[in-house]
């Protein structure tokens with residue numbers, strides 16, 4: 094039977110395949126011209142600068158030799174990984190390459206400086222982004238329990254002059270009892286959206302109003318001043334407008350550059366018509 098197997102062509106084919114596999118695994122691969130690892134002067138300077146940035150001092154000769162050895166190892170391993178196709182289908186690698194490509198596009202896509210008339214037109218179209226929010230100055234008396242009748246009784250007492258010091262009325266509050274010129278977004282951040290909306294609807298005056306619910310409980314409020322939202326003049330915010338225009342223009346140029354790159358490829362998605 095053994096002699097019969099020896100004469101089988103399939104056995105010869107399998108044996109030859111095993112020999113080729115073993116030779117490929119045990120013998121060193123021939124060096125290709127593009128497998129040379131070159132560490133140039135600019136690479137060494139970059140490694141030295143990175144070392145100095147991390148340690149606060151320039152590397153000595155032993156440190157520099159170690160840095161170069163690490164770079165050679167990393168480059169060799171990266172080349173070998175690409176040769177074996179380990180970079181294919183790797184989300185982390187793809188994201189990193191895409192990120193580096195975006196950085197390169199961002200460095201190349203420098204918008205030209207706008208003319209004054211163009212900048213003014215852009216400001217007029219985006220005035221809302223530069224609007225100063227309404228600011229409210231107010232005092233408040235806090236009650237932890239929103240169902241307690243104490244707030245209603247205190248409201249009557251405060252407006253009738255029955256309380257000698259309003260700061261002694263109500264429960265202790267972890268933050269301030271008085272706020273001056275507090276912007277509307279900050280009112281919402283501190284007390285919650287419902288309180289901010291209710292506060293905006295109250296009229297300034299010497300009287301106490303409420304109760305107004307918040308994220309903490311309920312409040313009796315006295316509005317001492319209010320400065321409505323306003324749009325500043327172009328001249329007052331020109332530098333901010335220019336910076337915002339440059340950011341928006343850079344984002345537009347980047348998006349166009351990315352789309353131009355994407356358009357070079359034919360995209361096929363399984364289950365969708367091309």
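Residue numbers (this note's numbering): 94 to 367.
Beta carbons are placed, not taken as given, at the ideal position from N, Cα and C, and that holds for glycine.
Would you call residue 234 buried or exposed, if buried means 16 or more other Cβ atoms sit within 10 Å of its Cβ?
As a working mapping, residue 234 is identified with position 141 in the chain shown. Buried.
Let me make sure I understand the geometry here. Which of 276, 262, 194 has the alpha-carbon closest to that of residue 320?
Numbered from 1 along the chain shown, position 227 holds the residue referred to as residue 320. The shortest C-alpha separation from residue 320 is found at 276.
Cα-Cα separation, residue 208 to residue 273:
By 1-based counting over the chain shown, the position of residue 208 is 115. By 1-based counting over the chain shown, the position of residue 273 is 180. Going from the Cα of residue 208 to the Cα of residue 273 covers about 40 Å.
Any idea if residue 129 is buried or exposed, counting beta-carbon neighbours within 10 angstroms, 16 or more meaning buried?
As a working note, residue 129 is residue 36 in the chain shown. Note on residue 129: under 16 other CB atoms within 10 angstroms of its CB, so exposed under the neighbour-count rule.
Proximity of residue 310 and residue 237 at Cβ, strictly below 9 Å
Here the question's residue 310 lines up with position 217 in the chain shown. Here the question's residue 237 lines up with position 144 in the chain shown. Closer than 9 Å, so yes.
Compare the Cα-Cα distances from residue 253 to each of 283, 302, 221, 195 and report the closest residue.
Here residue 253 refers to the residue found at position 160 of the chain shown. With distances taken between Cα atoms, residue 253 lies closest to 302.
Of the residues 170, 174, 136, 178, which one's Cα is nearest the Cα of residue 158?
Your numbering for residue 158 matches position 65 in the chain shown. Selected option, being the one with the closest Cα: 136.
If you measure between the beta carbons of residue 331 and residue 212, is that distance less than 9 Å?
Here residue 331 is taken as the residue at index 238 of the chain shown, counted from 1. Here residue 212 is taken as the residue at index 119 of the chain shown, counted from 1. Taking 9 Å as the Cβ cut-off, residue 331 and residue 212 qualify as a contacting pair.
Which value, in whole angstroms, describes the spacing of the CA atoms of residue 169 and residue 188?
As a working mapping, residue 169 is identified with position 76 in the chain shown. As a working mapping, residue 188 is identified with position 95 in the chain shown. Cα-Cα distance, rounded: 21 Å.
Are there 16 or more other CB atoms within 10 angstroms of the CB of residue 307, so buried, or fewer, so exposed?
Looking up residue 307 in the chain shown gives position 214. It counts as buried.
For residue 202 versus residue 346, is the C-beta distance shorter than 9 Å?
Reading the chain shown from its first residue, position 109 is the one you call residue 202. Reading the chain shown from its first residue, position 253 is the one you call residue 346. The answer is yes: Cβ separation under 9 Å.
What residues in its chain sit with their C-beta under 6 Å from that of residue 145, if we drop five residues either side in the sequence?
Start at 1 with the first residue of the chain shown, and residue 145 comes out as number 52. For residue 145, where only same-chain residues beyond five positions count, the Cβ hits under 6 Å are 151.
Are the beta-carbon atoms of residue 288 and residue 305 separated by less than 9 Å?
As a first step, residue 288 is located in the chain shown; it is residue number 195 there, counting from the start. As a first step, residue 305 is located in the chain shown; it is residue number 212 there, counting from the start. Yes, Cβ-Cβ distance for residue 288 and residue 305 is below 9 Å.
Let's test the definition: count the other Cβ atoms within 10 Å of the Cβ of residue 148 and tell me whether it reaches 16, buried, or not, exposed.
Within the chain shown, the letter at position 55 stands for residue 148. Residue 148 should be labelled exposed.
Helix, strand or coil: how does DSSP classify residue 287 here?
Counting from one through the chain shown, the residue named residue 287 turns up at place 194. Three-state result, residue 287: helix.
For the alpha helix (DSSP H) that contains residue 216, what are its first and last residues?
Against the chain shown, residue 216 aligns to sequence position 123. In the DSSP annotation of this structure, the continuous segment of the alpha helix (DSSP H) that includes residue 216 starts and ends at 209-218.
Where residue 323 falls: helix, strand or coil (DSSP):
As a first step, residue 323 must be located in the chain shown, where it is residue number 230. The DSSP-derived three-state label of residue 323 is strand.
Which whole-angstrom value describes the C-beta separation of residue 315 and residue 232, a residue pair presumed to lie in contact below a C-beta threshold of 8 Å?
Here residue 315 corresponds to residue number 222 of the chain shown, with the count starting at 1. Here residue 232 corresponds to residue number 139 of the chain shown, with the count starting at 1. Indeed they touch by this definition, with Cβ atoms about 5 Å apart.
Can you list, in chain order, the residues of its chain whose CB lies under 8 Å from that of residue 153, leaving out five sequence neighbours each side?
As a first step, residue 153 must be located in the chain shown, where it is residue number 60. Contacts found: none.
Does DSSP put residue 317 in a helix, a strand or coil?
Here residue 317 refers to the residue found at position 224 when the chain shown is read from its first residue. Here residue 317 sits in strand by DSSP.
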